[in-house]
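Take 1 as the starting number for the sequence shown in full-length UniProt numbering and just add one per residue. See below for the structure under consideration.
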Amino acid sequence: MLFSGRCLLRSLQTCPSKLRRCLHNHYSTLSSSHREQVTIPCRSNGHITLSLFHPRVASGPAPAIILYLPPGPLLPTTLPTVDAGAALSSVTSATVVQINYRCSQEHRYPTPIHDVLTGYDWVLEHLVPSRSFYRPGRSANHRIKLAVCGELVGGSLAAMLALTECRLQGPYVAAAAINEPVIDWVFPEDEEVEHETSVDRLVSYVQGLQIGQKSKAKSKLRQTSFSTFGDNTVLNASTLLRARHDLFRRPEDYFDTFASPIFNFRTPGVPVPPPPQQKSPVDEFAELALFERDEFHRQQLKMSALSNRLRNPDQQEESTAEATKKPRKSYRRWPNAGSGLRIPQMHISSAVTSPLSDQVEEFARLMQKSIVSQELKTVGAEGDDMAKEAAYMLAERQIHHRQPDSLRLWSLGIIGIIIIVILAIVIPVAVVLSNKNESSATGAASATSTSSSSPANKNLDGMSESDIPKEAQGTILDPFTWYDTTDFNVTYTATTVGGLSIMGLNETWDDSAKANDNVPALNETWEYGKMPIRGVNIGGWFSIEPVITPSLFSDFKTSDGVIDEWTLCSKLGASRAQTTLEQHYASFVTEADFAGIQAAGFDHVRIPFSYWAVTTYDGDPYVPKISWRYLLRAIEWARKYGLRINLDLHGAPGSQNGWNHSGHQGAINWLNGTDGTINGQRTLDIHSQLSTFFAQPRYKNIIAIYGLVNEPKMTYLDVDTVLTWTKSAIQKIRSNNITAIITFGDGFRGLDNWQGELQDFDNLLLDVHQYVIFNNQQIALDHAAKVDFACGGWTNQTLRSSNKATGFGPTLCGEWSQADTDCATYLNNVGVGSRWEGTLNMVSTPGGSLDGSVLNPTCPTANSPRCSCTNANASPSSYSAAYKQWLLDFAEAQMYSFEQGWGWFYWTWKTESATQWSYKDGLAAGILPEKTWERTFKCGSIPDYAGMGLPENY
């Protein structure tokens, strides 16, 4: 247990002197901590050490982890200091990790930032048990919490870490204690400071006043704490300015939100210096930092140029010189809605006589203001005075700002650090720890509780971790480490088939279900080629795609370079990537979706997954093997609703097409380049495992179609090499007794070019994906012409391809949608625009150039009138009747066309916001047929959509 909770709470209610005595008496009775030193690499930028303090009085794992960030170069060297890490561990009975970040003229910013984040990731990976990330059935209060504390430069870094790692799921920074932090490296001497009169900004906000509006009293210039107390003997202005000169390479570096955390909440208020024209990184690691800074400066320059005065909309625009005359400090809402972050409980202190007092006070108020704003938005009570008052009180409790009379540094005295840290850490954490015994007794009851934000884990009732062999505890075979155990068999087994675990599967299965009355049950024969497939993809589930789940990507800065699953996992780090993606696997698609798919009239589902469900290789950042068990559960849900499976390997080692949905955007290293042959063989090895596993009797009826690899880019790859690999893959799969239809992608060669290929094999199916929006000529067709193209062009292609005299033979459309623009967010990659508006600039993408860019609008009006994505991306509730009719007609025309072959799979069942790519949303909006076999449109009578008032430019 953390310290004596009763002693603390009583002391908090009485007097500080009693608290000091309580703390001192407790500390004096404790034995010293066991200290351990760990050295960890910081990518290509050397190493750092971590000092680990394990309390000798603790039995078993420490109940909490405290991260301590030393004060750095601002600490006076002439005064005696204490070993704060050891003291913290002894007083709190917690494991304390002191991250010995580097910060000097030799190791300038952003090195201290990277060091702290690297140390934090190490803590998550090595000190936080995997079973503690998501304890099944437990509330958020039972997830392991971390606390961070620091002062001076360490305080700045502690604020940075607390604000970026305050996640609502998994291990997270729950509390922070910060003393005399440098929150803003832009000091008052850098600007002409004009202060408002003494109206409390937060109170003004709560009272309904306009934020940022000056009081009617005349503004005055006053002395700042930086100038008034700049000669403080412990910390003075000269020391701060000298440190800033030594620790930053350039003035523009001060404006990084990781270096100056206050800029998360407001703009600088001073002109941001432009980055130098000549970029000469001083070390290998600085090159990435320079790229990040440049992007940040571009954003800051725009905001710093805003005028202080509100412009009358009837007035002419001010001149550039006038508009940029006085940069303004404008408030930013942070964190963004949907970011999965929440400002942690924070105790922040700065003495009245500190030169940093003003910036710390402002920082505390801005955080309080953000909490108030977020709370009111969450409850939808922005105009409710009582709600504002309650939100204000919450903000004050969450952010405790302390201003002692004299400047005191923790590192110069034991009692000071203990008091501050205990206040910040025990309050949010102690309840969990002090009730540890009660929690153990009621654990089974807790495991049964469910909510909309927590998965159900009722099937763990009556089990304990002792039921799991010791060697398997904490591994992916331990159900107590699983985020979600719903519908899994949680009885432990180490059995594998083809080297793939069967853990989670029930011993029996039932193939008697049918999707609907128009199709045979799973255990009956489907006459493919005579009865059309009407299926839907479940994309973006096990192979992440930005267009389907933009929320996983939208909170990163452009300079972060997060554009696909590879870079997402790299940025998050192994531990956070696993917690983030497992929650996605468990929640993005549920059994209710399979019920909805059946209700919509579908009979097949295509489930994309990628090779990291099976294995990963050296250097891969992907989350390994976790998606495998969710894939197996998905198959069982499909079985329950009579839905046959098209198993689709969407991402192959090395990337078969260089697109983000392969996992890694950029170079194609599958059957191409230095590692092309190796990656081709790796894919064959994966198919050997998969085909062995899915040859089991339980999958004979439900795995109807087995895919080789999604969309290999054969317009770039050597065609003969791909064909040779395809033959080897077919032979390998058949040798493992897979009897399902094997499907392969057309590779964008054109369907006619497949005539005569692969004719030595039986039971093959050619998979083509048809869209009008990725082709500059087809996207420019007007509405009537697009429908006509579906009725005529695609129908003729399907018929020719299905005839072995003119094409390959059996042909399926594995992907299509009703979208008529490429406007959906991130559809063409993260951070690029659209063909429709002429903003598709591929230069900034990995390996990108003007090739593939479309910088002239390509909507049917050719920008006269202007091509716009606004209406295409709007809510379907705002669609006109004519547009809804067209969308329905276009969908039914494609269904007709593709049913001239073996049928179709719509892309996709579900998205977060792209309606025209979501069958589920389209169905709800009335722009798709209620049942897949119901049709009202006839290709012989295409309406006059222009006459119906449907514009061609939106």
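All residues carry an ideal CB built from backbone N, CA and C; glycine is no exception. Keep in mind that this is a model prediction, so the values were computed, not measured.
Where does G46 land, buried or exposed, given buried means 16+ other C-beta within 10 angstroms?
exposed
Collapsed DSSP secondary structure at Y611 in the structure displayed:
helix
DSSP three-state assignment for R258, whether helix, strand or coil:
The question names Arg, but residue 258 in the sequence shown is Phe. Three-state DSSP puts F258 in coil, outside helix and strand.
Quick one: what's got a C-beta closer than 7 Å to F748's C-beta in the same chain, skipping five residues either side?
K713, M714, T715
Which listed residue (S878, S349, Y906, R682) has its alpha carbon closest to that of P608
Y906
Could you pull the DSSP bridge partners for H769 from this structure?
E815
Please work out which residues of its chain come closer than 7 Å, Cβ to Cβ, to T495, disregarding the five sequence neighbours upstream and downstream, and give them in chain order.
I502
If you count every other CB in all the chains shown that lies within 10 Å of the CB of M386, and 16 or more means buried, which is it?
exposed
Where T239 falls: helix, strand or coil (DSSP)
helix
Rounded C-alpha distance that separates A784 from G676
44 Å
Alpha carbon to alpha carbon, how far is K377 from L394? Give it in angstroms, no decimals.
14 Å
Ordered along the chain, which non-local residues of its own chain (more than five positions away) have a Cβ less than 8 Å from that of F265?
Y331, R332, W334, F363, L366, M367, K369, S370
Near T839, which residues of its chain fall below 7 Å by C-beta distance, leaving aside the five closest residues on each side in sequence?
G833
Helix, strand or coil: which one does DSSP assign to I211?
In this prediction, I211 scores a pLDDT of 34, lower than 50, which makes its location untrustworthy; no coordinate-derived value is stated.
Grab me the residues of N776's own chain with a C-beta within less than 8 Å of its C-beta, minus the 5 sequence neighbours each way, in chain order.
R835, V854, T858
Can you give me the Cβ contacts of M346 inside the same chain, cut-off strictly under 6 Å, excluding the 5 residues immediately before and after it?
A176, I399
Round the Cβ separation of C42 and D115 to the nearest angstrom and send it over; I've been treating them as touching at under 8 Å.
6 Å
Alpha carbon to alpha carbon, how far is C103 from T111? Give it in angstroms, no decimals.
7 Å
What is the DSSP secondary structure of C869, reduced to helix, strand or coil?
coil
Completely contained alpha helix (DSSP H) runs for the stretch 736-789, where each covers 4 or more residues
776-779, 783-788
Quick check: the stretch 861-873 against the stretch 820-829, are there 3 or more CB pairs under 8 Å?
yes
Assuming I686 contacts V614 under a Cβ cut-off of 8 Å, what Cβ separation, rounded to an integer in Å, is found between them?
5 Å
Residues near E636 by beta carbon distance below 8 Å, same chain, minus five either side
D487, L505, N506, W509
Range of the contiguous beta strand (DSSP E) that encloses S349
345-349
In the DSSP assignment, what residue or residues form a beta bridge with G150?
L69, I178
Counting only beta-carbon separations shorter than 7 Å, does S464 have a partner in chain C?
Within the model displayed, chain C is absent; a lone protein chain is all it includes.
DSSP state of residue 979, grouped into three classes?
Given that the chain is displayed from residue 1 to residue 954, the structure contains no residue 979 and the question cannot be resolved.
Beta strand (DSSP E) segment containing E36, residue limits:
34-41
Does the distance from the CB of T739 to the CB of D767 come in under 7 Å?
no
How about the stretch 793-811 and the stretch 752-762: do they share at least three Cβ pairs that are nearer than 8 Å?
yes
Any idea which residues DSSP pairs Y528 with across the strands?
M531
Any beta strand (DSSP E) of 3 or more consecutive residues that is wholly inside the stretch 649-694
none
For E545, I'd like the list of residues in its chain whose CB is within less than 7 Å of its CB, leaving aside the five on either flank, ordered along the chain.
G539, N660, H661
When the distance is taken between beta carbons, is R167 closer than 7 Å to G340?
yes
When burial is assigned at 16 or more other CB atoms within 10 Å of the CB, is S215 buried or exposed?
Only weak support exists for where S215 lies, its pLDDT of 38 falling under 50; the coordinates are left without a value.
Between which two residues does the beta strand (DSSP E) containing N100 stretch?
95-100
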